[in-house]
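Residue numbers (the numbering used here), protein chains in the order written: chain A, 1 to 546; chain B, 1001 to 1546.
A virtual CB, placed ideally from N, CA and C, is assigned to each residue, including glycine.
In what follows, a structure is listed as structure tokens, so that the remarks can point back to it.
Protein chains: 2
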Amino acid sequence: MKIAIAQLNYHIGNFDANFDKISTSILKAKELGADIVVFGELAVCGYPPRDFLEFKDFITRCIDVIEKIKAMSEGIAVVVGAPSINPDPEGKDLFNSAYFIADGRIIDVIHKTLLPTYDIFDEYRYFEPNRSWRTVNYGGKKIALSVCEDIWNIGNENPLYTTCPMDHLIMENPDLMINISASPFDYDHQKDRIEILKENCNRYNLPIVYVNHVGAQTEIIFDGSSFAMTSFGDVYDQMSSFKEEMKIYDLQDLQQKTAVDNFEDPGKISLIKDALVLGVKDYFGKLGFKKAILGLSGGIDSAVTLCIAAEALGKKNVTSVLMPSPYSSDHSISDSEKLLQNTGSPSHKISINSMYEVFLNELNPYFQDKALGVTEENIQARVRSVILMALSNKFGYILLNTSNKSEAAVGYGTLYGDMSGGLSVIGDVYKTEVFKLARHLNAQSEIIPENIIIKPPSAELKPDQKDTDSLPPYEELDPILFSYIEGRLGPKEIIALGYPEELVSRILKMVNINEYKRHQTAPVLRVSPKAFGMGRRMPIVGKYLS
Amino acid sequence: MKIAIAQLNYHIGNFDANFDKISTSILKAKELGADIVVFGELAVCGYPPRDFLEFKDFITRCIDVIEKIKAMSEGIAVVVGAPSINPDPEGKDLFNSAYFIADGRIIDVIHKTLLPTYDIFDEYRYFEPNRSWRTVNYGGKKIALSVCEDIWNIGNENPLYTTCPMDHLIMENPDLMINISASPFDYDHQKDRIEILKENCNRYNLPIVYVNHVGAQTEIIFDGSSFAMTSFGDVYDQMSSFKEEMKIYDLQDLQQKTAVDNFEDPGKISLIKDALVLGVKDYFGKLGFKKAILGLSGGIDSAVTLCIAAEALGKKNVTSVLMPSPYSSDHSISDSEKLLQNTGSPSHKISINSMYEVFLNELNPYFQDKALGVTEENIQARVRSVILMALSNKFGYILLNTSNKSEAAVGYGTLYGDMSGGLSVIGDVYKTEVFKLARHLNAQSEIIPENIIIKPPSAELKPDQKDTDSLPPYEELDPILFSYIEGRLGPKEIIALGYPEELVSRILKMVNINEYKRHQTAPVLRVSPKAFGMGRRMPIVGKYLS
């Protein structure tokens, strides 16, 4: 039995485009002699469709696509994810299902049991869990077909769910497992997947065909990296990361012991870079935009953002704007100009002095004898945002936000100023990792000038300002932020790791009182297991560690 | 048996303040001779605590409060909501529980079965559902104790859940029902509650004591309106809306047939007004702010926002800024000044001309021969935002956003311009309802000048501009928006209601392509069953009706 994996980049709600891709892949799989072609979870509508699932019209369109797939299934079986309607009046109205279609009819519809409802996932918001299990008989084989999370509740002393679907399916002595997923990227997640799949293969003594999405949906990036694993828990083959692909596997090969276990970890920083490039590319492509604009400050964050955007969109399609002020250092301009020479991308230089001054003049009667301070710093940042948004509006650019995760965490940024932008490119990358990204981008040849990497970080909003005037050094800040944000440790637990009490409570307070700022910022491309945005939901008004 | 309801305004994560309120109420209930005093769902930590529940430290602090309550429970029973730890390693780690505490010990801990996971609710994100049911024996009575949603799965042909906890509890022949809730306000919700409670009382032939929160938690407003209902399904008494209160009820009275059924509907617009006032008051109070600022345009939205804020914070604490441009009408200033005389609140007048011009000059080399358009309109709106935020930063005001739901829906607003602000006061109120709010605010005497109410809505960003240049009249727009947003109808269903196809698809497209703007705006005080914000989760990048 030959099984083709179609690893595709879907577009949420774009039923025509998704069906085009699916039907092209069905034809190709037939040509390749596949018996079965497998697509991802909720492939017909894209993942996550979020509250579109609450519209009957949206569900009807999903089911229309299933009908069209049915009509193409002569001589091949198609496994494809789509919502299905719960016939029981009790419970939620939908299931998250895998349709098994062959020879013009729906052979079976298998529903998802375990509905991830944590981090970025909201599946119990929409779907009723499955409560009965059966294999699918096809081509003389018994197939244990499951949807994503259903194979994840094993190998854990504190499992998230009270049931394990494969424990039911194994009673029917299946020949193989097929799992259709929409498993988002984070820099550790392929390792997690391989580990869980190994647990499954070893426990059930079965091979598995694991199909993932590729492509970005706003903040969520799917890396693909679909694979086939043998009954012995060896990775037989891993498909490409970050691009569409189709491959075909013979069940017999997956049932034999092979020495091959070809998983190779490209390393965290390389993965992050590739993910961000895809994230930018799909954000623009799927919204129908081609060109980006950003403010280039001479600092490392905007430099790295520029390089990633240039790789994603083409260097000519990313316009940088240099906006010096009286507080800008000479090197902020010269370093930026050197960088622009290296990238070969267009730029403008617009001094903010006249605009900054007219605001100060007009506000002077109200400010009177109040000392210069954060207000005036924010005015500079907001003037820059007005300029960038004006160019963006006039020429149809999308403004890229250049904030990193460390500053987003502690609120070291100006709302409606440097926190503006349609997409936050490196908002899930801590400052200490941004440096590593810069080094990685320079690996072949120096693109980001060395001085941008080595100079002390500064917002340059007042004379001789340094980030360390307001914040602890990033080498101290980032591990504490990581413990709190990714690790979800409380203050006592973080202090127990060896950090000073005063510093810990100062940082945690900064994170919590700045929730209101993050609430109003752009979607953040998610590359870590816990990014700001839809996967981290915090009260704005509260009084906890704040 | 005498049962006291403590209807309190909690503060999320503020364990000391919450315990202070709870302990004061316990003492007062003892004085009043209560046998039992009942608090709301998750009262010890406030509702919704959101992802704070993922921090062990947060749970420990909840349980510390329970210990302190235990120590106060000599001579009285206390029913109070808090998370509890699931002892079973399988499933989520927490339950959403009602603690029944008396005479220094925990008599029982009853877990919630039905976990609302829709709209603003995310309970399955955190909690394991209960799967076994028992009544609590106390003072010679059997009490069917439940948490919020657990009494809501009845009287519905398409129930959301597959179980009904009271159907289990009734087997033990209880004497009464107690339900502890955190049931958010919307303008229809007290009617829904009474209806569902009547269904319960009639079906089980039992009285119920229903305890709700009062107070706002960022966008979610709890109206209180707790009540006691007889075994015959009559409202015995309804407590105050929008304020804290304690009342005491005798079980015997609730078991007798009374003619009283005292629920009175104050009407939608009056409810919305009271809810918004509380929403503003608590947003500021719980964040520790006293003063607000807003841009006063001469239009109805900012006028209504000013009146609500002045009622919430005190007229001296709301500063209005008039920011005329070359396109401002004379009446925009004169109407605003008349309004300010009526409210007696402070104001500044700052012309934006000089700032607008310097941006146009500096950008002129780039814009060249491009026609004036939306870009220039946005610059005006953003200049105003820079001014308002500068004053806000300098003097510690919170900027109030004045956008209404109609314009937020169709994206008729400038990101980082008039869409700025820490809190959206009327962002869940359609424009046609804003007019009604204005009339309501004028009911006693004219505060909002008649001309503000009757003049055609205009953004005044170009000569002789009217909202109807870009949008259908609000009387046409709002019902279509309502069908799509609150009604979740698809285009065919809306057209079937009698609206023109072209208009419907134009409006739905505007709603969907502007998701990116709403993503970056302030929390919106929620007064309808479907507000923008945490209760409506839409993809930004997608292609559906767009």
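**Residue closest to serine 1241 of chain B, alpha-carbon to alpha-carbon, out of B:Ala1292, B:Thr1521, B:Gly1215** = In the second sequence, residue 1241 of chain B corresponds to position 241, counting from 1. If we check each option's Cα against that of serine 1241 of chain B, B:Gly1215 comes out closest.
**Item:** Cβ neighbours of threonine 1432 of chain B in the same chain (closer than 8 Å, five flanking residues each side left out)
**Value:** Locating residue 1432 of chain B in the second sequence gives position 432, where the first residue counts as 1. Excluding positions up to five away in sequence, the list reads Ser1406, Tyr1474, Glu1475, Asp1478.
**Asked** For histidine 1111 of chain B, which beta-bridge partners are listed by DSSP?
**Response** The count along the second sequence starts at 1 and reaches residue 1111 of chain B at position 111. B:Ser1097, per the DSSP bridge assignment.
**Asked** Taking Cβ-Cβ distances shorter than 9 Å, what residues in chain B pair up with alanine 522 of chain A?
**Response** Stepping through the first sequence from its first residue, residue 522 of chain A is reached at position 522. Neighbours of alanine 522 of chain A on chain B, chain order: Tyr1516, His1519, Gln1520.
**Request:** Decide if the stretch 288–301 of chain A is in contact with the stretch 336–355 of chain A; the criterion is three or more beta carbon pairs, one per stretch, under 8 Å apart.
**Result:** yes
**Item:** Residues of the stretch 27–54 of chain A with Cβ closer than 9 Å to any Cβ of chain B, in chain order
**Value:** Cys45, Gly46, Pro48, Pro49, Arg50, Asp51, Phe52, Glu54
**Asked** Under three-state DSSP, which class holds serine 1241 of chain B?
**Response** Taking the second sequence and counting its residues from 1, the one referred to as residue 1241 of chain B is at position 241. Three-state result, serine 1241 of chain B: strand.
**Request:** Could you tell me which chain A residues have their CB closer than 9 Å to the CB of glutamate 1362 of chain B, listed as they occur along the chain?
**Result:** To locate residue 1362 of chain B, count along the second sequence from 1; it is residue 362. By Cβ distance, chain A contributes Ile350, Ser351, Ile352, Ser354, Met355, Ile387.
**Prompt:** Where does glutamine 217 of chain A fall in DSSP's three states?
**Reply:** Taking the first sequence and counting its residues from 1, one reaches residue 217 of chain A at position 217. In the structure shown, glutamine 217 of chain A sits in a strand (DSSP, three-state: E or B).
**Prompt:** Taking Cβ positions, are aspartate 150 of chain A and proline 165 of chain A nearer each other than 8 Å?
**Reply:** By one-based count along the first sequence, residue 150 of chain A stands at place 150. By one-based count along the first sequence, residue 165 of chain A stands at place 165. Yes, the pair counts as a contact, with Cβ atoms nearer than the cut-off.
**Message:** Excluding the 5 residues flanking asparagine 156 of chain A on each side, which residues of the same chain have their C-beta closer than 7 Å to its C-beta?
**Reply:** Sequence index remark: in the first sequence, residue 156 of chain A carries index 156 (1-based). Excluding positions up to five away in sequence, the list is empty.
**Asked** Got a sec: which bits of the stretch 1381–1414 of chain B sit with their beta carbon under 8 Å from any beta carbon on chain A, in order along the chain?
**Response** Arg1382, Val1383, Ser1385, Val1386, Ile1387, Met1389, Ala1390, Leu1391, Asn1393, Lys1394
**Asked** How close, in whole Å, do the beta carbons of arginine 1526 of chain B and proline 1184 of chain B come, if the pair is a contact with beta carbons under 8 Å?
**Response** Looking up residue 1526 of chain B in the second sequence gives position 526. Looking up residue 1184 of chain B in the second sequence gives position 184. Contact holds; Cβ gap of about 7 Å.
**Request:** Please classify asparagine 1179 of chain B: does DSSP put it in a helix, a strand, or coil?
**Result:** Working through the second sequence from its first residue, we reach residue 1179 of chain B at position 179. In this structure, asparagine 1179 of chain B counts as strand in the three-state DSSP scheme.
**Asked** DSSP state of arginine 50 of chain A, grouped into three classes?
**Response** Walking along the first sequence from the start, residue 50 of chain A turns up at place 50. DSSP places arginine 50 of chain A in helix when its eight states are reduced to three.
**Option nearest threonine 969 of chain B by Cα separation, candidates A:Ile180, A:Thr163, A:Phe127** = Given a span of 1001 to 1546 for chain B in the structure shown, any question on residue 969 of chain B remains unanswerable.
**Prompt:** In this structure, does DSSP put leucine 296 of chain A in helix, strand or coil?
**Reply:** Your numbering for residue 296 of chain A matches position 296 in the first sequence. Reduced to three states, the DSSP call for leucine 296 of chain A is coil.
**Item:** Residues, ordered as in the chain, of the stretch 1274–1303 of chain B that lie near chain A by beta-carbon distance below 8 Å
**Value:** Asp1282, Tyr1283, Lys1286, Leu1287
**Asked** Taking three-plus beta-carbon pairs below 8 Å as touching, is the stretch 57–75 of chain A in contact with the stretch 121–139 of chain A?
**Response** In short, these stretches do not touch, since the Cβ pair count stays below three.
**Message:** Taking the beta carbon of valine 1374 of chain B as the centre, do at least 16 other beta carbons fall within 10 Å, making it buried, or is it exposed?
**Reply:** Within the second sequence, numbered from 1, the residue matching residue 1374 of chain B stands at position 374. Counting Cβ neighbours within 10 Å, valine 1374 of chain B comes out exposed, since fewer than 16 surround it.
**Request:** Note down the Cα distance separating serine 225 of chain A from methionine 239 of chain A, rounded to an integer number of angstroms.
**Result:** On the first sequence, position 225 is the one that residue 225 of chain A refers to. On the first sequence, position 239 is the one that residue 239 of chain A refers to. Approximately 5 Å, taken between the alpha carbons.
**Request:** Name, in chain order, the residues that DSSP records as bridge partners for aspartate 1250 of chain B.
**Result:** Residue 1250 of chain B sits at position 250 when you count from the first residue of the second sequence. The partner list for aspartate 1250 of chain B (beta bridge, DSSP) reads B:Lys1002.
**Prompt:** Applying a beta-carbon distance threshold of less than 7 Å, which residues of chain A neighbour lysine 1370 of chain B?
**Reply:** For the purposes of this step, residue 1370 of chain B is taken as the residue at position 370 of the second sequence. Lys394, listed in chain order.
**Request:** Check the DSSP bridge columns for arginine 536 of chain A and list the partner residues they point to.
**Result:** Here residue 536 of chain A refers to the residue found at position 536 when the first sequence is read from its first residue. For arginine 536 of chain A, which the question treats as bridged, DSSP gives the partners A:Gly533.
**Request:** Please report how far the alpha carbon of lysine 112 of chain A lies from the alpha carbon of alanine 1043 of chain B, in whole angstroms.
**Result:** Locating residue 112 of chain A in the first sequence gives position 112, where the first residue counts as 1. Locating residue 1043 of chain B in the second sequence gives position 43, where the first residue counts as 1. About 35 Å.
**Interface residues of the stretch 1174–1188 of chain B facing chain A [CB-CB below 7 Å]** = Within the stretch 1174–1188 of chain B, no residue has a Cβ lying closer than 7 Å to any Cβ of chain A.
**Message:** I need the DSSP call for serine 328 of chain A, collapsed to helix, strand or coil.
**Reply:** The residue you call residue 328 of chain A lines up with position 328 of the first sequence. Serine 328 of chain A falls in the coil class under three-state DSSP.
**Request:** Anything in the stretch 56–68 of chain A with a Cβ closer than 7 Å to a Cβ of chain B? List those residues in chain order, please.
**Result:** Lys56, Asp57, Phe58
**Message:** Any beta carbon of chain A sitting closer than 8 Å to that of serine 1073 of chain B?
**Reply:** Your numbering for residue 1073 of chain B matches position 73 in the second sequence. It does not: the Cβ of serine 1073 of chain B has no partner Cβ on chain A nearer than 8 Å.
**Asked** In terms of residues, what are the limits of the beta strand (DSSP E) holding lysine 349 of chain A?
**Response** In the first sequence, counting from the first residue as 1, residue 349 of chain A sits at position 349. 347–349 is the span of the beta strand (DSSP E), which, as asked, contains lysine 349 of chain A.
**Asked** For leucine 1197 of chain B, which of B:Asp1167, B:Ile1221, B:Val1235, B:Glu1219 has the nearest alpha-carbon?
**Response** Within the second sequence, residue 1197 of chain B is the residue found at index 197, counting from 1. With distances taken between Cα atoms, leucine 1197 of chain B lies closest to B:Val1235.
**Item:** Helix, strand or coil at serine 1336 of chain B [DSSP, three-state]
**Value:** If you number the second sequence from 1, residue 1336 of chain B lands on position 336. In this structure, serine 1336 of chain B counts as helix in the three-state DSSP scheme.
**Request:** Using the Cα positions of lysine 543 of chain A and methionine 1246 of chain B, report the straight-line distance between them to the nearest angstrom.
**Result:** Against the first sequence, residue 543 of chain A aligns to sequence position 543. Against the second sequence, residue 1246 of chain B aligns to sequence position 246. Distance between the alpha carbons of lysine 543 of chain A and methionine 1246 of chain B: 25 Å.
**Message:** Considering Cα atoms alone, identify which of B:Ile1120, B:Lys1257, B:Tyr1010 is closest to proline 1523 of chain B.
**Reply:** On the second sequence, position 523 is the one that residue 1523 of chain B refers to. It is B:Ile1120.
**Item:** Cross-chain neighbours of methionine 1538 of chain B in chain A, by beta carbon under 9 Å
**Value:** Within the second sequence, numbered from 1, the residue matching residue 1538 of chain B stands at position 538. In chain order: Arg50, Asp51, Phe52.
**Message:** I want to verify the contact list: residues of chain A whose CB lies under 7 Å from the CB of glutamine 1217 of chain B, in sequence order.
**Reply:** By 1-based counting over the second sequence, the position of residue 1217 of chain B is 217. Result: Pro539, Val541.
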